[in-house]
Structure formats: structure tokens, C-alpha cells
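Chains D and X, in that order, give the protein sequences.
Heads up: the first sequence runs through residues 27 to 718, numbered per this note's numbering.
Heads up: the second sequence runs through residues 4 to 125, numbered per this note's numbering.
Quick reminder that beta carbons are idealized off the backbone N, C-alpha and C, glycines included.
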Amino acid sequence: MSERRSSQALKEFISETEEILGGLNLDVVRLADSLETGESDPDLINGIFRGAHSIKGLAGMFGFDDLAQLAHSMENLLDGLRLGRVPFSQQLVDTLFAAIDGLVRLVNGKSDDEQFTFDLTPILEQIGSAAAAAAETAADPLTRLGIDAAILNVLTEYEEHRLLENVRKGRRIYLVKVDFDLSCFDQELAELTDHLKARGEVISTLPSVGDSGDRISFQILFGSECETSEVRTLAGRDDLQLTLCGDVRPEPVSAGPVALAQEPPAVGEAGTASPEPLAEEAGGTVRSISRTVRVDIDKLDLLMNIVGELVLSKGAIANIADQLRSNGVAELGAELSKATRGLERRLDELQKGVMDVRMVPVGQLFEKMTRIVRRVSNEQGKKVALDIRGAETELDKLIIEDVSDPLMHIIRNAIDHGLETPEERLAVGKSEKGSIRLWASQKGNHVVIEVHDDGRGIDPAAVRRKAVARGLVRPDQELSLDEIYDLLFMPGFSTRDEVSDLSGRGVGMDVVKNNIAELSGMIEIKSDVGGGTSMIITLPITLAIIKALIVRIREKTYAIPINSVLETLMLDSAMIRTIECREVIELRETTIPLLRLNSVFGLQRTAADAATAPQDERLFVAIVGLADKRIGFVVDELLGQQDVVIKSLGKTLSFVKGIAGAAELGNQQTILVLDVAGLIGEALRSESSLHV
Amino acid sequence: MTQKILIAEDSPTMRSLIVSTISAMGDYEIIEAANGFEALRILPREKVDLIITDINMPDINGLELVSFIRNNENYRQTPLFIISTEGSERDREKGLALGANAYLVKPFAPDRLQALIREYLS
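Here it is, written out as C-alpha cells:
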């Protein structure tokens, strides 16, 4: 079965790579066309760079080292071109064609036989020499600007690139020196840069010590079309020094980082370089074949919010329709109801569509992790095989971004502290090479990411000893295995005297846990001494808009995200049993602890409530679950299901326990959304504290 | 007297990871700056014993901060580490050339950071 899945994955890989290669080929043909003018389109170069980069990532995930290596060296060459270190020449174009040919040959070969490869040395050498030869001949365009080395030295590679871009566009580069009072420099500086940005680009801002202790000066590198006098007016202040750096203006062909270098074509694959007669008028037909658009996630958030608001408006209209029907305008009311249902269906589709756009495969995230695994394992002198599965599992882009730091640290810990050194592994009869599994899978409305190492595992006795020594638990305290693992997530578990052994796992694990909790996710540990450790992260697929179960607790209304509600029950209070001071119910031979939300939130029973609801009332219980944890929330009434858009409570209220955010109901009422993961954690913790 | 460590890092996650790594070592006073400007404001007010900075920050970059610190009489001798994302070799070289005492790549190894802190603050 796994063979079939891998052959399916390979097929997808081949088709995606072929698609990218097709695009690359066209792009390089277009690039070759622009050799005549010597002006290459930076977007085109960036596109080719990204193509090579994607192939590298894909190939790396499939373990096709030859393909990854070739794509990588091609990417390097393009990076040089992009950053102006490599001149734009016939030799370069020829080399790019040769590289693409090599990639095509490898991909075609691998579609028949995964093991296919051929000697890449000639192509790699050609690429290497194009990059190296070029680096020597290319004059550093930055030195011609006459900018002080002190400033050039603090530019990050990206800022250098921006500077070059500005030069390439023929903008003037200004050095603006200004100084401010230390107490309010940021507002004044922001004001100044805002003014400047209106007519150009602020490339870099270098602070330096002011004339006196309470002043601070800045040197701002500014690229703009404007004349010196215009910049002065633009800045809106006269206390600044303005210098025009070098004269980089009209030098259309020979200047600029991507100037045409007249060099003989390289030997080898030069034949492929003759550009197809894609004349300017035919240019329209070879426009980007890419069918993807990069979109700022904020724009999607905005769309999602609008969809959310529309859903609320629809709810309001449905209310009006109901009122019409009950107020004797039955016919109109029914019409309106019908129209509303039509609207509802379309809104559903719209919502699904927008959601779909936000979804990206976790493969993007895993690709980053492959680099980290490689680097950390080299650093530690450990041999690691990375096994990635479920890279196609989709997750909200925002969650992918936010989970990447925690995941990175979990993987680092797994290699640092989980895996043994090759010698240690051999000594205990394991294979020299450790294995890290990075698996993702979808489980209902959640995505589970598992990081497993086959290392030494976590010794519960050692953790316990340590926690006792730190005063985190009492020596006589009974702890279940899960509770022991939970100690690893406690702040301050790790200490300086034992950083090198298992305690290292504790460093930052509390932060990792909090970060995952902020995403309404959960992290669990499973470990087997000598056999390895699994860190299992469960995350909701999206956070933007959710279906919620609306419940009443005393007079307050709350929302429970429906993706964590397994079922709802109405039960007699007689069915509740008490075990070790905990209320539980038996449900299909499982004991489920109950959590009375009224006591969690300190809501008192009102006199009216007490009158209408005697002690032996019927209770409503929402069974919620996350990963393999189950718990029943006791509430006073189940009010129904509704789509809600969760809004964060903001930093000031982030300390409030048990609440994930606020949501608006259709009738302008704002309600609080329960933090299921937090409440489950809290409930299980208080359970353990009762084990005295 | 408790030694003070200034952390300039715009990512709250990374900042808290650094803080938790340092807190695990014992008694240091940690001052957090969410960007370069905050760091610039804190420096003259507090006598810090060690500075840890990111490279890519929204206002000034970490290299600029390093340059500022190394060109300033008051902080010239203060140990300074850069912690940056898997970045370019050039950024690393520049950082060290400007006078940073160490360059760590995210995800940094906690014990490596702890060892460095011990080395420079003993």
C-alpha cells in the first residue's frame, strides 16, 4: 500500500516539476531575447530563481540529491545575477539552458526509474565557471556610488539588493543625515521616512551617536527619481544634510548590475541557446504560464472577515423573515425565507472558496525543516534520516506560519537531545543513522503533525527526580506518565547544571506549548525509554471562521468551537458519579470527567434560576475532545449552532484563562469563545493536583 | 549585582525562546526590545552587560545596531551576539566584521547560547 502511495506522490512530483521546468524554459527564452538590449527584467530573473528554488525543495523532499544539487547550483548562479554579482551575458544564458536540459533529463529519467541519474560534473562545472568567471569580471556597482564603507558594511544582503535595484532603475541615491532628540527620535524619524517614502524608497537607516548624549543621529540611504532640491522639500525639515551618492544616472547599457558583458559563448550546450524566434509582437503568447498568484494573507483575512459579516447579515435577514411570517405577512415572509436559503447556499460556497485559498500544503513547512535537520545534524555530528509523510495535508497559511518556529525547536530538540551519537547508537544495537519522522495527517477538522525520533526516549524517573529537585512536585506526589511528561512543558523545568542531557528538552518547551495553545492546538508527548520520543501536535485546520455550539451558562452565552465537540448529551444529575472528588459520567464504558463551566467562570446561580431549576435538574453536557483527551463541559442550555468569526481579545486580556477570543452573533451580541484546549489542560491539571 | 542582558528581536516567539533559555541558567535581568528603536532607547538608560540581536527587524537592521554599538564609547566593550535566521554567509561575515562576538543561526541550540553567555559574562 505504501508503495502505491509513494508512486502516486512520485507522479505528482514529476508533473509538478515538469510544469515548473516548462515555465523555466520559456522564461529563459525570454531572458535570452533581452540579451539584445542588455536590459533584463528583474521579475523574470526572480521568476527563474524561484522556479529553480522550488525544484530544489521538491527534489530534496523526495531525496533526489542529484536533482536538488543541480537546481541548487542553478539557483546560486541566478542569485548572483539577481544581486548583480554575475553579469547578464550570452554565456550565462547558455549555462541556464544547459542546466534546464540537465534537469529535464533527470526528471524524465526518474519518471521511468527512480534510481536514474547521470554524471552531472560537466554541467556543474559549467555553472560554477559561469558564476566564478563572472564574479571576477563584474565590477561592483556599489563601489561606484562612493558610499562610505561604514554604511555598505551594515547593509543586509537584501538591502544591498534593494540598493542595486534602485541603481538599476536609474534612481538617484541620496544619503540623508539627520539627528534627533533621543526622547522622541522614533516618531520624528518615522515622520521623515514617511515623507521620503512618498517619492522613493528608504533602503537603510543607520543610527550613530549624536553630538551629545541626549541626541542620536541617523544616516538614511534613500533612492528616488527626485532632484536634490525636491528631496529637501519632500523631507519637510531644513536640519538635514543631503548628499547625492556617485552619479549613477544615464548609463543605459554598460552600467548597472545586469549589464551585457560581451563574452564568447561557452563551449558545450551552446546549440540550445539560439532563441526561438519569439519576436516582440509574439511576446504576448509567451507571457507567464504560471497559474498561481501570490496574495498577501492580510487580504485574505479581510475577505474572510467580509464573508463572516455577510453570514451575520444573512442571519439577521432570516430573523426578519421569521418575524414577518409570525406577524401575519406569511406570504412575503416565506418568499424572503426562500431567498435567504438561496443566499445561504451561495455564501457557503463563497466561504468554502475563500477558505480553500488560505489552505496550503504543509509540505512548504516541511521543506524548511529538511534544511534544519541537515544543518543541526551536521552541527551535532549525528547521522539522521528524515522521513516525511503527508506533505500534501493542507493547513491554513496563517497557522503554517505560526507553527513553524515551535516545530523548528521541537525538531532541533529531537536531534539535539533525542537522538544518540552514532557511537552510542551502535553500542545499544541500533543502526548508526538515527531517524526523524515528520508526519502530517488530517483527522476531521484537525491536522496532526507528529515529530518522532528513534533516540533514547525520555526517562520518566529522571524527569520526576528533577522536578522534585526543582520543587515543582512533592516527593510523595503520585504522577501518571502523562503528568510526568507535562512537567517538561513547565517554565523553569530545565536548569543550567544539566543542560547537556535530557534536561535540554525543557528549554523553550513551555514557549512551544504556549505558542501551539495560542493556535487552539495541543501538544502531547509519547515516549519509550530507549525506543524514542514522539511529539504530537494537533492543530485546527483554520482559525478564521468556525462553526460554534452556542451554550448558555447561567445568564451568559458562550461559544464552543464545534470542531472540538464530539457529542452533546442531556442527562439526569443522578447519572453523575464522584470518583476521587471528581465528577464523572460513564459513557459507553468510558469514564469522562466533567467540568462545570459555571464554577470555572465563577458564575453564581441567580435567584430566578434557582426557582426554575431545582437541584435534580437535567444537565446538558457537551463532550469535547482534542487529541485523545475527552472531557464533558456541563452547561445550562444548548442554544444551537452558528458560524462565528473569532476576534482576538487583544494582548491586554490574553491572560484570561479558558477564553480563546470573542465572536459576534447575528443580533449584535458579542459572546466569548471558549478555549477548549486550555480548559481541557486546566481540568486535567486540577485532576492531577487532587492526587495527593 | 545581577547582570543585565538586552534582547532585540521582533518575533515574540523567538524572543520568549531566548528569554526562557537564559532564565533557565539562573539569575539574569533580561530586558526585551521588540525592535531596533526600542533597543536604541534602552541602551543609554540601562547599563547592560550583554546584547543579543536579530538581523532582520522592521526598523533598523541588526547590523546597523551592531555598528551603532561598536562605534559608541559607552558600549564598545559590551559583548554582543547575533541570532539570525538561516541567513546568508555575507550577513554573517558582516556581523562578525562589525564586531559581534558570536553569530548563532535560528533555531539556535539552547546550550550553545548558554555556553556563550557563560563565557562572556563570567
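Taken atom to atom, the span from the alpha-carbon of Ile153 of chain D to that of Glu418 of chain D is near 33 Å. The C-beta of Leu328 of chain D has fewer than 16 other C-beta atoms within 10 Å across all chains shown, which makes the residue exposed. Judged by DSSP in its simplified three-state form, Phe627 of chain D adopts coil rather than helix or strand.
DSSP places Tyr584 of chain D in the strand class (E or B) of the three-state scheme.
DSSP, reduced to helix, strand and coil, places Lys394 of chain D within a helical segment of the structure shown. Closer than 8 Å to the CB of Asp536 of chain D there is at least one CB belonging to chain X. 8 Å or more divides the Cβ of Asp205 of chain D from the Cβ of Gly172 of chain D.
The beta carbons of Ile58 of chain X and Leu9 of chain X sit no closer together than 8 Å. Within 10 angstroms of the beta-carbon of Gly444 of chain D lie 16 or more other beta-carbons, which makes it buried.
Interface residue (Cβ-Cβ distance to chain D less than 8 Å): Leu107 of chain X is not classified as such.
Here DSSP, grouped into helix, strand and coil, assigns Val699 of chain D to strand.
Under the rule that a run must span 3 or more residues, the beta strand (DSSP E) segments found entirely inside the stretch 11–71 of chain X read 31–36 and 53–56. Between the stretch 601–609 of chain D and the stretch 4–19 of chain X, the count of C-beta pairs closer than 8 Å stays below three; the two stretches do not touch.
Contact annotation: in the stretch 202–220 of chain D, residues whose CB is within less than 7 Å of a CB in chain X are Leu208 and Asp212. Interface annotation, Val235 of chain D: in contact with chain X, CB-CB separation under 8 Å. Counting only the Cα atoms, Glu76 of chain X lies some 51 Å from Pro387 of chain D. Taking a 10 Å sphere around the C-beta of Lys539 of chain D, we find 16 or more other C-beta atoms and assign the residue as buried. Residue state for Pro501 of chain D is assigned as coil, using DSSP reduced to three classes.
Using beta-carbon distances, Met548 of chain D does not count as an interface residue toward chain X, since no partner is under 8 Å. Annotation for Glu38 of chain D: Glu418 place their beta carbon closer than 8 Å to its own, counting only its chain and skipping 5 residues before and after. Taking a Cβ-Cβ threshold of 8 Å, the residues of chain X close to Gly239 of chain D are Pro47, in chain order. When CB distances to chain D are screened at a threshold of 9 Å, the residues of the stretch 58–81 of chain X falling below it are Ile58, Asn59, Asp62, Ile63, Asn64, Gly65, Leu66, Glu67, Leu68, Val69, Ser70, Phe71, Asn74, Asn75, Glu76 and Asn77, in chain order. The C-beta of Leu83 of chain X comes no closer than 8 Å to any C-beta of chain D. Only Arg397 and Ile398 from the stretch 366–399 of chain D bring a Cβ to less than 7 Å from some Cβ of chain X. Nearest in C-alpha terms to Arg397 of chain D, of all of D:Pro233, D:Glu62, D:Ile46 and D:His79, is D:His79. For Asp52 of chain X, no CB of chain D lies under 8 Å from its own CB, so it is not counted at the interface with that chain. Ranked by Cα distance from Lys223 of chain D, the options D:Arg241, D:Leu247 and D:Leu146 are led by D:Leu247. Judged by DSSP in its simplified three-state form, Gln141 of chain D adopts coil rather than helix or strand. By the beta-carbon neighbour count (other beta carbons within 10 angstroms, threshold 16), Ala124 of chain D is buried. When C-alpha distances from Arg451 of chain D are compared across D:Val660, D:Arg578 and D:Gly556, the shortest belongs to D:Gly556. Of all residues in the stretch 434–466 of chain D, only Met434, His435, Arg438 and Asp442 place a beta-carbon less than 7 Å from a beta-carbon of chain X.
Within chain D, Pro517, Val533, Gly534, Asp536 and Val537 have C-beta atoms less than 8 Å from the C-beta of Ser23 of chain X, given in sequence order.
Check the Cα spacing between Leu215 of chain D and each of D:Ala58, D:Asp669 and D:Arg263: the tightest is with D:Arg263. Spatial neighbours of Gly83 of chain D in its own chain (CB-CB distance under 6 Å, excluding positions within 5 residues in sequence) are listed in chain order as Glu393.
Setting aside the 5 residues that flank it on each side, Val69 of chain X is surrounded in the same chain by Thr56, Leu83, Ile85, Gly98, Leu101, Gly102 and Ala103, each with a C-beta closer than 8 Å to its C-beta; the list follows chain order. Here the C-alpha atom of Ile611 of chain D lies approximately 19 Å from the C-alpha atom of Glu708 of chain D.
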